[in-house]
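Mapping the sequence shown onto the UniProt record's numbering, position 540 (from 1) lands on 540, and the numbers just tick up by one. Every residue, glycine too, gets a C-beta built ideally from N, C-alpha and C. What follows is a short report on a single structure.
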Amino acid sequence: MVVSQDKGPNYPNRSTKEKMEDFIVDFNNIKLSALSKSKKINPYVKNTTIGPNSSIYKENENRIITNRNPSLNKKSKEIEYNTTSSSIVIKKLHIDIEKLRQRKLKEVVDSHINRIAEFSKQIHNDLNKHLEIKQKSLLNEKHQQELLILQKLEQHDKDISTQHQQFLRYYEELAERKRRIDKELKEHERRKQLLTELIDKIKSDQVEFRCVYEEICSTLEKCKYPVELKAILGDIPHKLKSLPNDMGEIVSKCKSGKLRDDDRIKASQLVKDIKDVLDTLKQKIVKVTEEQETKKQNAAKPVVVIKRPAPTLTTVQPAQVETCISTTPLHCFTYLQNFLENYTNSYKDLTNNDSFKQFKFDCKKAINIPVNAISAVNSQHLLDKYNRLSGLLMGKRIEVGGTLVCASQHPQGIAFSTNLLARKFVLQCDLMISSKPEAAFCYAAIIIALWNDNQDFGKLVLAHIYRQCPYLVPFYPSQVSGQTDKEYYLSLGYQYNDDIIEKQDKFLKRMTGLMRLYSAIIISKPKRGQHRNPHGISEGWKWLSAFLNLTPIPDITATMLHTFLEIAGSTLQAVYGKVFQKLMNFVCHIYLSLIQKIDSGGPVTRLEVLLQEYKKTGRFEEPRGMLPNNFW
Numbered sequence: 001m002v003v004s005q006d007k008g009p010n011y012p013n014r015s016t017k018e019k020m021e022d023f024i025v026d027f028n029n030i031k032l033s034a035l036s037k038s039k040k041i042n043p044y045v046k047n048t049t050i051g052p053n054s055s056i057y058k059e060n061e062n063r064i065i066t067n068r069n070p071s072l073n074k075k076s077k078e079i080e081y082n083t084t085s086s087s088i089v090i091k092k093l094h095i096d097i098e099k100l101r102q103r104k105l106k107e108v109v110d111s112h113i114n115r116i117a118e119f120s121k122q123i124h125n126d127l128n129k130h131l132e133i134k135q136k137s138l139l140n141e142k143h144q145q146e147l148l149i150l151q152k153l154e155q156h157d158k159d160i161s162t163q164h165q166q167f168l169r170y171y172e173e174l175a176e177r178k179r180r181i182d183k184e185l186k187e188h189e190r191r192k193q194l195l196t197e198l199i200d201k202i203k204s205d206q207v208e209f210r211c212v213y214e215e216i217c218s219t220l221e222k223c224k225y226p227v228e229l230k231a232i233l234g235d236i237p238h239k240l241k242s243l244p245n246d247m248g249e250i251v252s253k254c255k256s257g258k259l260r261d262d263d264r265i266k267a268s269q270l271v272k273d274i275k276d277v278l279d280t281l282k283q284k285i286v287k288v289t290e291e292q293e294t295k296k297q298n299a300a301k302p303v304v305v306i307k308r309p310a311p312t313l314t315t316v317q318p319a320q321v322e323t324c325i326s327t328t329p330l331h332c333f334t335y336l337q338n339f340l341e342n343y344t345n346s347y348k349d350l351t352n353n354d355s356f357k358q359f360k361f362d363c364k365k366a367i368n369i370p371v372n373a374i375s376a377v378n379s380q381h382l383l384d385k386y387n388r389l390s391g392l393l394m395g396k397r398i399e400v401g402g403t404l405v406c407a408s409q410h411p412q413g414i415a416f417s418t419n420l421l422a423r424k425f426v427l428q429c430d431l432m433i434s435s436k437p438e439a440a441f442c443y444a445a446i447i448i449a450l451w452n453d454n455q456d457f458g459k460l461v462l463a464h465i466y467r468q469c470p471y472l473v474p475f476y477p478s479q480v481s482g483q484t485d486k487e488y489y490l491s492l493g494y495q496y497n498d499d500i501i502e503k504q505d506k507f508l509k510r511m512t513g514l515m516r517l518y519s520a521i522i523i524s525k526p527k528r529g530q531h532r533n534p535h536g537i538s539e540g541w542k543w544l545s546a547f548l549n550l551t552p553i554p555d556i557t558a559t560m561l562h563t564f565l566e567i568a569g570s571t572l573q574a575v576y577g578k579v580f581q582k583l584m585n586f587v588c589h590i591y592l593s594l595i596q597k598i599d600s601g602g603p604v605t606r607l608e609v610l611l612q613e614y615k616k617t618g619r620f621e622e623p624r625g626m627l628p629n630n631f632w
């Protein structure tokens, strides 16, 4: 039998599982040892040697039988002796081997029994040690749990105390918040009361303002000499447009609740201003009336005092017409001025009817508020202003400052509103565009959209622009025989204030604003859903060609050309390409020299700088504020 040489079960630091595995291996070795020995003796053993069928057992049985039957003959005994004598040695050897095997087997079994006993004892000892360790671990764990419970209890007490303090602070904060809210409510009630009082005062100012405004309108209508009065009104028409707008803004703030203390002061000031306008108007009417009465009595012409050096006056001869206006623009200018006059006469009944003062005032408000708010904030803002103005001209009901306005309530209301809106856009050139050039593109976008909807509106815009700035025709008015200085300057586009002509820089600034709007209209794209610009880039090319055919004059020629190229130059170059380059070569090398011979002021310097930059880069920059394609 092969005995395992591995470390025994008593080897220190061995686990119970390892010891059990060693024990199983020893049993397997016993089986292998018995089988290996059986294989060795198997060639020598022909009969059964173990158990009741073994040959040894049968021989003994035969021997017993023979002893019981002595009658067997002697011959059979001899034969048996002879046959069995040869195998006695083998049998004896088998017996000895069997005994040796049994003895070794007994020794191995005893050894395994001893090992099993030792292994059981070792398991018992290990189990006792494990139980002791487990018991100590449980006791230690119990002790730790008790400590943890004590800590939790202490922490719980602390948390309860902290929570109690937090609740106290929370209730204190609630009390403080309640006091603050009560204070805010009282303050809100106080402000609400003050706002109510403020609104009541402004309402009173508004009623007084409206009464004074209606009195002004009535006074103007009753004037016997409206033409003569108009010449000396000065800035009164401008105030009659701006003051109601300012009062309308304050009223809108009243409705939205966004009033400030200075709005009350402003409202009172507006009432004072409108009263001053009324007093000034009455004085001017008295003055005009006296002058006209004196004129009738004495048949004397009034002397116009002009506190400005007059230019050299000339009488226009037929041969000189082509130097101040081309034939085609002249026909267009005449047609538009006649159209404007006829259109204005179409709603004369509404203008002269005092019973529709409120209706006319509402229409003006429905125009002034949206136009004054036009800006390029976003496409939705621009579209909202267009929808309001378009709805007004289409006779729809629109809400303005909490009031529903419908121009079609009077048969001539739409015509009245259309011309009023066209004139308002042209007025914005002086009020907004001259100081904020990029605003021209917002106004141009709305004008193009409304022009596509209503062709008469577009004609009225052009008519008012040409009347304010004849250089956009293009046209250089010359003084004709019998024309007074004042009449001549008015034809040039100058304005008067108390018979004093405006300063040259203000005049040029206003002309620049008008040119900016006109140029923006030419290059702007129509809104989505509209496919053309009714007064597009081709009109700009016509104007530039006609303008360059005229003889330059000081200040205005350089100003108009500089502003036009600054805004429309990049678009003209993109559309007309090489033809435009040839035209610019003429401007840079020939026409500029003609201007420099008669003028050397600031406008000429700015034009020179612009043209030098063009020659250097070969292009004009896109103007600032131009709306992107498909902006709205």
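What does the alpha-carbon distance come out to for the pair residue i and residue j?
i, j, result
"I522", "V377", "22 Å"
"V480", "K258", "56 Å"
"Q151", "R191", "57 Å"
"T196", "K266", "17 Å"
"I181", "Q166", "22 Å"
"K597", "Q468", "28 Å"
"I149", "H130", "28 Å"
"M515", "K295", "40 Å"
"K527", "Y386", "10 Å"
"D349", "I446", "29 Å"
"M432", "T512", "12 Å"
"D205", "E249", "13 Å"
"L607", "Q483", "33 Å"
"T280", "I216", "10 Å"
"R532", "K253", "39 Å"
"K222", "K230", "13 Å"
"W632", "E539", "23 Å"
"L610", "M560", "13 Å"
"L174", "H188", "20 Å"
"P43", "H94", "13 Å"
"T289", "E228", "9 Å"
Terminal residues of the continuous alpha helix (DSSP H) containing residue i?
i, result
"I590", "Here I590 belongs to no alpha helix (DSSP H), and DSSP marks it neither H nor E."
"T403", "No alpha helix (DSSP H) holds T403; the beta strand (DSSP E) holding it covers T403 to V405."
"G602", "G602 to T617"
"N352", "K348 to N352"
"L389", "S379 to L393"
"Y516", "Here residue 516 is Arg; the residue named in the question, Tyr, does not match the sequence. Where R516 is concerned, the enclosing alpha helix (DSSP H) stretches over Q504 to I523."
"K360", "K357 to N372"
"L544", "I537 to L548"
"P526", "Where P526 is concerned, there is no enclosing alpha helix (DSSP H), given that its DSSP letter is neither H nor E."
"R423", "G413 to Q428"
"S256", "I236 to S256"
Could you spell out the range, first to last residue, of the beta strand (DSSP E) harbouring residue i?
i, result
"V400", "I398 to V400"
Go ahead and label residue i buried or exposed: buried means 16 or more other beta carbons lie within 10 angstroms of its beta carbon, across all protein chains shown.
i, result
"L153", "exposed"
"H410", "buried"
"H562", "buried"
"I448", "buried"
"Y494", "buried"
"D599", "buried"
"K364", "buried"
"V321", "Any reading at V321 is ruled out, since the residue's pLDDT is 45, under 50, leaving its predicted position unreliable."
"K178", "exposed"
"E566", "buried"
Whose C-beta lies closer than 7 Å to the C-beta of residue i among residues of the same chain, with five residues either side of it excluded?
i, result
"K615", "C588"
"I201", "According to the sequence as given, residue 201 is Lys; it is not Ile. Once the five neighbours on either side are set aside, the close Cβ partners of K201 are R264."
"Y518", "I465 and L472"
"R308", "For R308, the predicted structure reports a pLDDT of 35, less than 50, and the residue's modelled location is therefore unreliable. The matter cannot be settled from this model."
"L492", "P477"
CB-CB under 6 Å to residue i, same chain, minus the five flanking residues each way: which ones, in chain order?
i, result
"L462", "L336"
"I367", "L420, L421 and K424"
"I553", "Y476"
If I measure Cβ to Cβ from residue i and keep anything under 8 Å in the same chain, skipping five residues before and after, which residues do I get?
i, result
"W451", "F457, G458, V461, P534 and H535"
"D261", "L198"
With a cut-off of 8 Å, does the C-beta of residue i fall near any C-beta of chain C?
i, result
"S256", "The structure shown has no chain C; it contains just one protein chain."
Original post:
With a cut-off of 8 Å, do at least 3 Cβ pairs link the region 440-450 to the region 400-408?
Top reply: no
**OP:** Assess, as a yes-or-no matter, whether the region 284-293 is touched by the region 231-242 under the definition of 3 or more beta carbon pairs within less than 8 Å.
**Re:** yes
Original post:
Three or more C-beta pairs closer than 8 Å, one from the region 497-506 and one from the region 366-376: is that the case here?
Top reply: no
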